[in-house]
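Data first, discussion second: the structure below is written as structure tokens.
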Amino acid sequence: MDYQAPQDLLRQKVILVTGAGAGIGRVAATTFARYGATVILLGRTTAKLEAVYDEIVAAGGPQPGIAPMDLAGASNDDMRQFAEVLANTYGRLDGLLHNAAQLGERIPVEHYDVSKWMTVMQVNFNAVFMLTRQLLPLLRQSAAASLVFTSSSVGANPKAYWGPYAVSKYAMEGLAKLLAEELENTSTVRVNILNPGATRTPMRATAYPNENPATVKPAASLMPLYLYLMGDASIGVNGQTLRCQLP
Ligand code: NDP
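Residue 223 in the numbering used here sits at position 209 of the sequence shown, and the numbers go up by one each step.
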């Protein structure tokens, strides 16, 4: 996408990014801040979130928030309390980028360890549902909120050996489509699915260990689409699946 975002696109917006400590989430968080957003950085490794915080502040961006949370173990109550803190601190949420995910193992279903399967489903799907559920009242407080679910090609078309990663993304796409319909006429919240396509990150390197990372596009090249979805230019776009094209 060759969308050119104005420099103040996200000024006054409060945006939560999950998995903000590394990979695409990190680049999205720093980019949103560069375009004026107050970004809440959620992730499981506090030191990584602090590094992103420092980077945003050093670049002169609005002071971010840090939300250490391991989505594998976080309960519905943890998320409710988190939503309360956000409500008391910011009063609303203008954007939510569901980005955190775990790849899990790429082996046949019949060999998959059940508890490892459950963990991937918890992080990639159940936590996404619970967080969305708890944050919807805050998203409704925004004049125009954008809820973005990060999927994958194997989410749209599950493929052999992709295990709970594919199944969780497939379920997440279902949740996103259902929510888009539910919220269409009852709120100003828009809901879309974003498939970044092959991108140079730690997850990609794990999934394709023999690939030369230099041949894969960097996360920065995705940002016009991420900005488009988070900014007001995408108001009215709802229930869509947007895919970043390979270079
Ligand atoms: P990375 O693995 O590089 O980064 C994922 C981020 O999520 C990390 O910051 C990680 O934290 C965080 N995270 C993982 N597990 C948890 C957890 N239990 N609780 C909280 N945070 C967690 O992934 P990518 O940047 O590659 O992927 C981002 C999104 O894009 C994912 O949804 C992925 O499925 C999707 N995607 C990526 C593609 C690619 O080619 N890269 C292709 C298609 C889709 P920590 O660093 O602390 O481990």
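Where a beta carbon is used, it is the ideal one built from N, C-alpha and C, also for glycine.
With contacts defined by Cβ atoms closer than 8 Å, LEU55 and ALA43 form a contacting pair. Between the C-alpha atoms of TYR175 and ILE121 there is a straight-line separation of about 5 Å. When secondary structure is reduced to three states using DSSP, ILE70 falls in the helix class. Taken atom to atom, the span from the alpha-carbon of ALA81 to that of GLU64 is near 10 Å. Distances from the CB of ARG58 to the heavy atoms of the ligand NDP include at least one below 7 Å.
Distance from the C-beta of ILE38 to the nearest heavy atom of the ligand NDP is below 7 Å. If you draw a 10 Å sphere on the C-beta of VAL134, you find 16 or more other C-beta atoms in it, and that means buried.
Taken atom to atom, the span from the alpha-carbon of VAL128 to that of VAL71 is near 42 Å.
Assignment of ASN138 by DSSP, reduced to helix, strand and coil, places it in the helix class. The alpha carbon of THR60 has as its nearest neighbour, out of ALA34, ASN209, PHE46, the alpha carbon of ALA34. Judged by beta-carbon spacing, PRO76 lies beyond the 8 Å limit of ALA97, meaning their Cβ atoms are not closer than that value. Residue side-chain check: GLN116 places its Cβ nearer than 7 Å to a non-hydrogen atom of the ligand NDP. In the three-state reduction of the DSSP assignment, ILE207 falls in the strand class, which pools E and B. Here the alpha carbons of TYR104 and VAL230 stand approximately 37 Å from one another.
Relative to the Cα of SER166, the nearest Cα in the group GLN95, ALA19, ASP91, GLN116 belongs to GLN116. For THR52, the enclosing beta strand (DSSP E) begins and ends at 52–57. Assignment of beta-bridge partners to GLY109 by DSSP yields ILE29, SER160.
Under DSSP, ILE249 shares a beta bridge with no residue. Distance from the C-beta of ASN224 to the nearest heavy atom of the ligand NDP is not below 7 Å. Between the ligand NDP and GLY50, a heavy atom-to-CB distance of less than 7 Å is absent.
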